[in-house]
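Just so you know, the sequences run in chain order A and B.
No gaps in the numbering here: position 244 of the first sequence is 364 in this note's numbering, and each next residue is one more.
No gaps in the numbering here: position 83 of the second sequence is 203 in this note's numbering, and each next residue is one more.
What follows is one structure encoded as structure tokens, with my remarks underneath.
2 protein chains.
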Amino acid sequence: MLFDRVVIAGVGLIGGSMALAMKQHSLAREIVGAGRKVENLQLAVELGVIDRYTETIEDEISRADLVVVAVPVDAMERLLKRIAPRLAQNTIVTDVGSVKGAIVELAQRHLGSHFQNFVPGHPVAGTENSGVLAALAELFIAHPIILTPTFQTDSYATQQISKLWKGIGGNVLEMNVEEHDRILAATSHLPHMLAYALVNHLAKQSDSEVFFELAAGGFYDFTRIASSDAVMWRDICLHNRHEIAKDIRSLSKDLEFIAQKIDLGDGAALQQLFERAKNTRSQVGDHRQQRIKTAKE
Amino acid sequence: MLFDRVVIAGVGLIGGSMALAMKQHSLAREIVGAGRKVENLQLAVELGVIDRYTETIEDEISRADLVVVAVPVDAMERLLKRIAPRLAQNTIVTDVGSVKGAIVELAQRHLGSHFQNFVPGHPVAGTENSGVLAALAELFIAHPIILTPTFQTDSYATQQISKLWKGIGGNVLEMNVEEHDRILAATSHLPHMLAYALVNHLAKQSDSEVFFELAAGGFYDFTRIASSDAVMWRDICLHNRHEIAKDIRSLSKDLEFIAQKIDLGDGAALQQLFERAKNTRSQVGDHRQQRIKTAKE
């Protein structure tokens, strides 16, 4: 058994899926859920996601050897303050947040000497749905799991968290905090901003019925991520401000370049741009095939 | 029978699907394919998509009561010049191009008095695949089919083309040429430009392996349309220049607005923007459900 008692703060899609997967792979003897909504915790017990729950997380912390912080970013500070005084010397703490710089800063501020046992993590996995009802033991299989230990992070703690994720099928990558926030801004945060902007852009100049009729096809698929949770994305924006704003402006320059080529009627340049994109995406597709193949083996 | 002899110039995904659907619904007695590649036309006969084919479209035109022009935009001028002298007085001509202003201009220039029998059309349907092998009789079911007759277009010709599309399951909308090019720029052309720009943006600043690993998830799905045919999209850009360039610049302004709110840390404004997009998309989703329901009935 990798862990004896695991406390999961926030039993939603990610926390719940981790619990299910850890159970399935016998990586934890007991999993205790903690959270603000009792009905949700009761549901999680009924669904067999967690073994039991607590409304007073403090009481469980001293006896836990792993605490998984899976609450929204804006609830994290309060939670860290609450658990910090009760942490045992060897208790490992990890999180699952989509931004890392801001969270590492919070952990450093509030965990004191326990900060060395804090392993910042980000499973790049999810579905359109949220909540414990959507939890799946298979959610992380073949998905990238990014760990961003700092120079202060205990290497044993990082190893244990790495074992946990590998044990439930994840593809663990280590990088530094800044690299994470930069790469995620480009591969995830920027696409979300584009999808939100595009939907609003169209809604503004809509011809109502005709617009809806025409938007219901490919456009609807393209903008799927604009249905993501608005509060979560507000928080991601606020906690990765510099990188996201920079990427938005950089992409705007690329768009202006395309607009200029269109103005000039420069077909050769446009074709070249489009072909380059098509080829790059095809390479990503090959990588994805490889990943799916590896996952099946 | 709606039509006796139909000539389809360009037996690819769209032309082939129209042929299959017209046969299935007994809307044409005989369907003759025309095109530049004999192997493709032979294949179309073997697949039962067309009844027979010709390499010299001129010889068939005088005996056709409908000519469907389903060739790429940049091949259209040559084709119109070729068929114009042979058109009978009552032969209806229609097209399936994604831009309408440029095509209407070409038709006006080359069809002479037959321009009154030209019904500009655009079936908003397709798959990632192209070519006659991908043709499907069901391709147009519940999809918007836009007709953009001009004030010169004979109303009987428009009625016949409308009957054709309704007969094979399409949802026919009429609008003027300018409206078409403006709305399609926003709902289809702009999203393609964004997808192309985004893929190139990322490829530029890639950390190779890490980038590919992280791009293989949601990003891959989001950028699906960046795998569309580069030549086709070059031509769409060149033939709807004004609208596409305008939309790109207008969206850039919206993106700058988001970047400014991020700079300011204005969470309330960001949340509002994201919620508005989420709600609009959900309305589009309701419309789509309705469309799917109608199609099943």
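We put the beta carbon where it would ideally sit given N, CA and C, even for glycine.
The model shown is predicted, which means the values in this text are computed figures rather than measured ones.
8 Å Cβ cutoff, residue i in contact with chain B
{"i": "Pro192/A", "result": "no"}
{"i": "Ile261/A", "result": "no"}
{"i": "Phe339/A", "result": "yes"}
{"i": "Phe331/A", "result": "yes"}
{"i": "Ile265/A", "result": "no"}
{"i": "Glu258/A", "result": "no"}
{"i": "Leu393/A", "result": "yes"}
{"i": "Ala317/A", "result": "yes"}
{"i": "Ala164/A", "result": "no"}
Chain A within 8 Å of residue i, Cβ atoms only
{"i": "Lys98/B", "result": "As displayed, chain B neither begins before 121 nor continues past 417, which places residue 98/B out of reach and without an answer."}
{"i": "Met138/B", "result": "no"}
{"i": "Asp383/B", "result": "yes"}
{"i": "Val188/B", "result": "no"}
{"i": "Thr343/B", "result": "yes"}
{"i": "Val463/B", "result": "Chain B is shown only over 121 to 417; residue 463/B falls outside these bounds and no answer can be derived."}
{"i": "Gly405/B", "result": "yes"}
{"i": "Pro240/B", "result": "no"}
{"i": "Ser402/B", "result": "yes"}
{"i": "Gly251/B", "result": "no"}
{"i": "Arg408/B", "result": "yes"}
{"i": "Val236/B", "result": "The question names Val, yet the displayed sequence has Gln at residue 236/B. No, because no Cβ of chain A sits closer than 8 Å to the Cβ of Gln236/B."}
{"i": "Asn320/B", "result": "yes"}
{"i": "Phe123/B", "result": "no"}
{"i": "Asp185/B", "result": "no"}
{"i": "Val244/B", "result": "yes"}
{"i": "Leu161/B", "result": "no"}
{"i": "Leu226/B", "result": "no"}
{"i": "Gln254/B", "result": "The sequence shown places Ala at residue 254/B, not Gln. Not closer than 8 Å to any Cβ of chain A, the Cβ of Ala254/B fails to qualify, so no."}
{"i": "Asp374/B", "result": "yes"}
{"i": "Arg229/B", "result": "no"}
{"i": "Ser233/B", "result": "no"}
{"i": "Ile378/B", "result": "yes"}
8 Å Cβ cutoff met for residue i and residue j
{"i": "Val165/A", "j": "Ala129/A", "result": "no"}
{"i": "Ala389/B", "j": "Lys398/B", "result": "no"}
{"i": "Pro243/A", "j": "Gly290/A", "result": "yes"}
{"i": "Ser372/A", "j": "Glu178/B", "result": "no"}
{"i": "Asn237/A", "j": "Asp274/A", "result": "yes"}
{"i": "Arg125/A", "j": "Arg183/A", "result": "yes"}
{"i": "Phe394/A", "j": "Ala350/B", "result": "yes"}
{"i": "Ala305/A", "j": "Ile364/A", "result": "yes"}
{"i": "Ile151/A", "j": "Ala190/A", "result": "no"}
{"i": "Leu167/A", "j": "Val252/A", "result": "yes"}
{"i": "Phe421/A", "j": "Ser137/B", "result": "Nothing about residue 421/A can be reported from this structure: the residues present for chain A run from 121 to 417 only."}
{"i": "Leu163/A", "j": "Met196/A", "result": "no"}
Residue environment, residue i, which counts as buried when at least 16 other CB atoms sit within 10 Å
{"i": "His234/B", "result": "buried"}
{"i": "Tyr103/A", "result": "With chain A represented from 121 up to 417, any question about residue 103/A goes unanswered, as that position is not in the structure."}
{"i": "Lys143/B", "result": "buried"}
{"i": "Thr414/B", "result": "exposed"}
{"i": "Ile212/A", "result": "buried"}
{"i": "Gln361/B", "result": "According to the sequence as given, residue 361/B is Arg; it is not Gln. So Arg361/B counts as buried."}
{"i": "Gly232/A", "result": "exposed"}
{"i": "Arg198/B", "result": "exposed"}
{"i": "Ser146/B", "result": "exposed"}
{"i": "Arg369/B", "result": "exposed"}
{"i": "Glu333/B", "result": "buried"}
{"i": "Phe260/B", "result": "buried"}
{"i": "Phe331/B", "result": "buried"}
{"i": "Glu294/A", "result": "exposed"}
Cβ shell of residue i (< 7 Å), same chain only, five flanking positions each side left out
{"i": "His359/B", "result": "Val193, Val219, Ala222"}
{"i": "Trp353/A", "result": "His312"}
{"i": "Thr278/B", "result": "Val239, Leu267, Pro269"}
{"i": "Tyr316/A", "result": "Ala346"}
{"i": "Val292/B", "result": "Ile265, Leu267, Ser282, Trp285, Lys286"}
{"i": "Arg401/B", "result": "none"}
{"i": "His263/A", "result": "Pro243, Val244, Ala245, Gly290, Asn291"}
{"i": "Asn296/A", "result": "Thr268"}
{"i": "Val158/A", "result": "Glu175"}
Nonlocal neighbours in the same chain, by C-beta distance under 6 Å from residue i, ignoring five residues either side
{"i": "Leu161/A", "result": "Gly153, Gly155, Tyr173"}
{"i": "Ala148/B", "result": "Phe123, Val126, Met142"}
Chain D within 8 Å of residue i, Cβ atoms only
{"i": "Ile181/B", "result": "Looking for chain D here will not work: the only protein chains present are A and B."}
Legend entry - Chain-ordered residues of the segment 298 to 315 of chain A with a beta carbon less than 8 Å from chain B: Glu299, Ile303, Leu304, Ala306, Thr307, Ser308, Leu310, Pro311, Met313, Leu314, Ala315
Inset, instruction - Determine which residues of the segment 270 to 294 of chain A have a Cβ less than 8 Å from any Cβ of chain B, and write them out in chain order. - result: Asn291, Leu293
Legend entry - Where the segment 345 to 368 of chain A meets chain B: residues whose CB sits under 7 Å from a CB there: Ile345, Ala346, Ser347, Ala350, Val351, Trp353, Arg354, Cys357, Leu358, Arg361, Ile364, Ala365, Ile368
Inset, instruction - Give, in chain order, every residue of the segment 193 to 224 of chain A whose Cβ lies closer than 8 Å to some Cβ of chain B. - result: none
Inset, instruction - Report the residues of the segment 129 to 158 of chain A with a CB closer than 9 Å to any CB of chain B, ordered along the chain. - result: none
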